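Here's the structure, in structure tokens; my notes come after.
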Amino acid sequence: WNREASGAVGRLDTQGLEEVFEVFSKELEHSENAETIRDLFKQAYLEHHNLAQATRFLVNELFAEKGLIILDADTAELKRIFLPYLKTDIFNNAAFETVTATNKQLEDYKIQVNPREINIFYLKDNLRERLVFQDGKFNVLETDIAFTQAEIEQELEQHPERFSPNVIMRPLYQEVILPNLCYIGGGGELAYWLQLKSFFESQSVPFPVLLLRNSVLLVTEKQDEKLKKLNIAYKDIFLNRDRFINKKVREISNIDIDFSSQKEHLQQQFETLYQLAEQTDKSFLGAVKAQKVKQLKGLDHLEKRLLKAQKKKLADEVSRMVDIQNELFPSQSLQERTTNFSVFYKDYGHTLINRLFEYQEPLKGEFLVLSL
874 WNREASGAVG
884 RLDTQGLEEV
894 FEVFSKELEH
904 SENAETIRDL
914 FKQAYLEHHN
924 LAQATRFLVN
934 ELFAEKGLII
944 LDADTAELKR
954 IFLPYLKTDI
964 FNNAAFETVT
974 ATNKQLEDYK
984 IQVNPREINI
994 FYLKDNLRER
1004 LVFQDGKFNV
1014 LETDIAFTQA
1024 EIEQELEQHP
1034 ERFSPNVIMR
1044 PLYQEVILPN
1054 LCYIGGGGEL
1064 AYWLQLKSFF
1074 ESQSVPFPVL
1084 LLRNSVLLVT
1094 EKQDEKLKKL
1104 NIAYKDIFLN
1114 RDRFINKKVR
1124 EISNIDIDFS
1134 SQKEHLQQQF
1144 ETLYQLAEQT
1154 DKSFLGAVKA
1164 QKVKQLKGLD
1174 HLEKRLLKAQ
1184 KKKLADEVSR
1194 MVDIQNELFP
1204 SQSLQERTTN
1214 FSVFYKDYGH
1224 TLINRLFEYQ
1234 EPLKGEFLVL
1244 SL
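Its first residue numbered 874, the sequence shown is counted upward by one per residue in the numbering used here.
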């Protein structure tokens, strides 16, 4: 879907998705499940005005029978509830001060988000740009729009829907309009939520329990057969590429290319040499250590050369193993980040949704491998 776009994503109109539908439709097979997903796409994206409406329709069609509440936060009524917090951020920079202080305490950890002095976007028509305070006025970046304090207070009261929280303020907005006992999210989300606890406390808004969502790897029957034929355990496919190949090459080789025992033996031999040097002349300790490093490096180098030669000898087997890992971890990334659910829905239909519900146990914090 190649088009020029600006503004809030949910408000983006669906014009031009007819061409996407044609391409998508041709990729699907002619089966009952394929027809279902084709109709879902058509109804969602060709019969609704914008992406927010289309997404609500699609998600509701897939999960309605499970009981689902969808709240559209981009409404004037809900933004009005959030007005006091919008004003606190715009006029007092509350988020900037508290989150910056928290980030300093977390300096040894990877910081996910950094606050701005004002963490609000201004929305209007196809516009969504940051609000900044410059030269005594509140300016909308990349535009000529500017407000005095009195003018922006009036704009907030008359048009709260024109103000949108950024990644720092969004969690607070969510908890103000629909308080949650627990927030379920991915690893990256929870990491930046943890940066916000002091900010929530400063705003007297209850901070929810944070729960890491489950992840799922879907394995088709055909893929399962390949794994069994190649004697690959589920846990093996989670290894990075080099470790995966090295492990499997060692397993299927008719020679032992694991020098762990030799390295351990060498370590023990040098411990004896260390003791001997201690008893005779301590000035030899450095020479013993240097020789130990040299010998261990030599074993590592030899092990790598033998592995490389064996990989070449077993090239066909290695290729098949890499292919199945690529199928399950496209571009060495999680399946859920790259593969659209329609790939599985066209083959399994609504059974896919039911299977996912059947085997998920959210409080266990597991990575589920589900064989279809």
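The C-beta atom is built at its ideal place from N, Cα and C for all residues, glycine as well.
Bear in mind that the values here come from a model prediction, so they are computed numbers and not experimental data.
Sequence-distant residues of its chain with Cβ nearer than 6 Å to residue 948 (five each side left out): none
Limits of the beta strand (DSSP E) - the one that residue 1089 falls within: Counting along the chain, residue 1089 sits inside the beta strand (DSSP E) bounded by residues 1088-1092.
List the endpoints of the continuous alpha helix (DSSP H) containing residue 899. In the DSSP assignment, residue 899 falls within the unbroken alpha helix (DSSP H) covering 890-900.
Assigned secondary structure, residue 1217 (DSSP; H/G/I helix, E/B strand, else coil): helix
Give the single residue among 1013, 1201, 1174, 1163 whose Cα lies nearest to the Cα of residue 1095. 1201
Contact defined as beta carbons within less than 8 Å: I believe residue 933 pairs with residue 884. What is the distance between those atoms, to the nearest angstrom? The pair is not a contact, with the Cβ atoms about 19 Å apart (cut-off 8 Å).
Given a threshold of 16 other Cβ atoms within 10 Å of its Cβ, counted over all protein chains shown, does residue 942 qualify as buried or as exposed? When all chains shown are included, residue 942 counts as exposed.
What is the C-beta distance between residue 1036 and residue 1029, in whole angstroms, given that I count them as a contact (C-beta under 8 Å)? Sure, about 7 Å apart at Cβ, within 8 Å.
Return the first residue and the last residue of the beta strand (DSSP E) that residue 1001 is part of. Boundaries of the beta strand (DSSP E) harbouring residue 1001: 1000-1007, taken from the DSSP string.
Should residue 1211 go down as buried or exposed, given a rule of 16 or more other Cβ atoms within 10 Å for buried? Residue 1211 counts as exposed, since fewer than 16 other C-beta atoms from the protein chains shown sit within 10 angstroms of its C-beta.
Local Cβ density within 10 Å of residue 971, reported as buried at 16 or more and exposed below that: Taking all protein chains in view, the Cβ of residue 971 is crowded by 16 or more other Cβ atoms within 10 Å, so the residue is classified as buried.
Mind checking which residues open and close the beta strand (DSSP E) that includes residue 997? Unbroken beta strand (DSSP E) run through residue 997: 993-997.
Residue 965, buried or exposed, once every other Cβ within 10 Å from all chains shown has been counted against 16: So residue 965 ends up on the exposed side.
Hey, could you find the ends of the alpha helix (DSSP H) residue 1143 is sitting in? 1133-1153
To the nearest angstrom, how far is it from the Cα of residue 1062 to the Cα of residue 1017? Each residue's Cα considered, the two are about 34 Å apart.
Below 6 Å CB to CB, which residues in the same chain sit around residue 1080 once its five sequence neighbours on both sides are set aside? 1070, 1073
Taking only three categories from DSSP, how would you classify residue 885? coil
In terms of residues, what are the limits of the alpha helix (DSSP H) holding residue 963? 956-965
Roughly how many whole angstroms lie between the Cα atoms of residue 1103 and residue 1093? 15 Å
Pull up the DSSP beta-bridge partners for residue 1241, would you. The partner list for residue 1241 (beta bridge, DSSP) reads 1089.
Can you give the beta carbon distance from residue 1203 to residue 1087, rounded, assuming they're within the 8 Å contact cut? The Cβ separation is near 20 Å, so there is no contact.
Cβ pair residue 927, residue 918 closer than 8 Å: yes
Residue nearest to residue 1193 in terms of C-alpha spacing, selected from 1106, 1049, 1100, 899: 1100
In the DSSP output, which residue or residues are listed as bridge partners for residue 1010? Paired residues: 1007.
What does the Cβ neighbour count give for residue 1160, buried or exposed, with the cut at 16 atoms within 10 Å? By the neighbour-count definition (other C-beta atoms within 10 Å, threshold 16), residue 1160 is an exposed residue.
Under a three-way DSSP split, which group does residue 1057 fall into? strand
Shortest alpha-carbon distance to residue 1136 belongs to which of 1176, 1117, 1146, 1156? 1176
Which same chain residues end up closer than 6 Å to residue 976 when comparing Cβ atoms and leaving out the 5 residues on each side of it in sequence? 984
Apart from the five residues on each side of it in sequence, which residues of its chain come closer than 7 Å, Cβ to Cβ, to residue 1021? The residues 1010, in chain order, have a CB closer than 7 Å to that of residue 1021 in the same chain once the five nearest residues on each side in sequence are set aside.
Could you have a look at residue 1029 and say whether DSSP puts it in helix, strand or coil? helix
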